[in-house]
Amino acid sequence: MTNPTATVRDLIREHYNNLTQSERKFANSLLENYPSAGLASITVVAANADVSTPTVARMVQKLGFKGYPQFHQALLKELQAKVSGPTQRRENWMTEAPESHLLNRFSQAVTQNLGQTFSNIDPNQFDAATRQLAHPNSQLYVVGGRISGSLATYAFTHFQAIRQRVTHMTSSSGTWPHYLLDMVEGDTLLLFDVRRYETNLLRLAELASERGVTIILITDQWASPVASVAKFTFNCWVEIPSAWDSNIATMMLLEALIAGTQEESWPETKDRYDRLDELFDMTRLFRKFS
1 MTNPTATVRD LIREHYNNLT QSERKFANSL LENYPSAGLA SITVVAANAD
51 VSTPTVARMV QKLGFKGYPQ FHQALLKELQ AKVSGPTQRR ENWMTEAPES
101 HLLNRFSQAV TQNLGQTFSN IDPNQFDAAT RQLAHPNSQL YVVGGRISGS
151 LATYAFTHFQ AIRQRVTHMT SSSGTWPHYL LDMVEGDTLL LFDVRRYETN
201 LLRLAELASE RGVTIILITD QWASPVASVA KFTFNCWVEI PSAWDSNIAT
251 MMLLEALIAG TQEESWPETK DRYDRLDELF DMTRLFRKFS
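In UniProt numbering, the protein residues as written are 1 to 290.
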């Protein structure tokens, strides 16, 4: 039986080592164009992946589904979740809501989100991403969307203290060509994109990727289309008993990346912190207690 909170992508990753070569071929085909590559009939998806229908049937059973129809429905449900707006999200929660108080349900959902998020992070990928974020010769660009822009601002404030050469891209896509003009191979773009995914962010990522920019994507459990061009993708679980998604797991992951980047370049970062504190004292930004 499948885990009710796991996506099909999660199940493929979990069972990938147990798949045959032909089953992996279908899995890879699905992941390359996820989830739409699995939304047709079993004969069509098998033909598109250049495998047999029995191969597809065997693979979906290994993932824990009774058969292809159940697998197909799971992908459809994920697709519907991707594009759902606040009203539909609230209706989903109210339909499934238990009798306990909202505070209890909220606390439980957030706790589950944190557990799911951090259990699905590859430590090696995390370490590689922090090395990229700390790279002294790489210009770091940070950008977010309509809601995730607040996370981008938070990230920029911290990374600007940690290292040099950090640029906070404005929320107006009309200004993005100006930033793209200065992007060069080896630069880094930290991008936030959660459902409902923004078309302009995908186009920005595609253009930056063509210039050799390393893209680090922070997204939700269903994954923004930007994942197709990102070198590092971090999925955060976001559903809560609300018309809106939660940024708590996303913020926790971001703070872990900030801490990891700080440690990756600590001698230089410590020096920046010390000099920054001197400037704060000179400008009397913070109140002193004696």
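Built from N, CA and C at the ideal position, the CB exists for glycine as well.
In this structure, the beta-carbon distance from Asp187 to Val226 does not fall below 7 Å. Taken in chain order, no unbroken stretch of beta strand (DSSP E) lies wholly in the region 99-132 with a span of 3 residues or more.
Phe26 sits in a helix when the DSSP states are folded into three classes. Residue state for Val166 is assigned as strand, using DSSP reduced to three classes. Per DSSP, Asp281 is one residue of the alpha helix (DSSP H) stretching across 266-283. Across the set Val166, Leu191, Thr53, Arg9, the C-alpha of Arg9 shows the shortest separation from the C-alpha of Ser36. DSSP lists no bridge partner for Leu151. Under the DSSP assignment, Asp193 falls outside any alpha helix (DSSP H); it carries neither an H nor an E label.
For Ile42, no beta strand (DSSP E) run applies; the uninterrupted alpha helix (DSSP H) run containing it begins and ends at 42-49, by DSSP. The C-alpha of Ser119 lies about 12 Å from the C-alpha of Ala6. Annotation: the continuous beta strand (DSSP E) that includes Ile218 extends over 214-220. In the DSSP assignment, Val143 is bridged to Leu191. With at least 16 other beta carbons inside 10 angstroms of its own, Gln116 counts as buried.
Residue pairing of Thr233 in beta bridges, as defined by DSSP: Leu217.
Val8: member of the alpha helix (DSSP H) spanning 8-15, first to last residue. Burial state of Phe286 is exposed, judged by a 10 Å Cβ sphere holding fewer than 16 other Cβ atoms. The alpha-carbon separation between Gly67 and Ile121 amounts to approximately 29 Å. For His178, the number of other beta carbons within 10 angstroms of its own is below 16, and it is reported as exposed. Judged by their CB atoms, Val56 and Ala46 are nearer to each other than the 7 Å cut-off. Non-local C-beta neighbours of Asn200 in its own chain, meaning closer than 7 Å and more than five positions away in sequence, comprise Ser173, ordered along the chain.
With fewer than 16 other beta carbons inside 10 angstroms of its own, Leu181 counts as exposed. Only residues of its own chain outside the window of five on either side were considered, and among them none has a CB closer than 7 Å to the CB of Glu210. Judged by their CB atoms, Arg131 and Glu264 are nearer to each other than the 7 Å cut-off.
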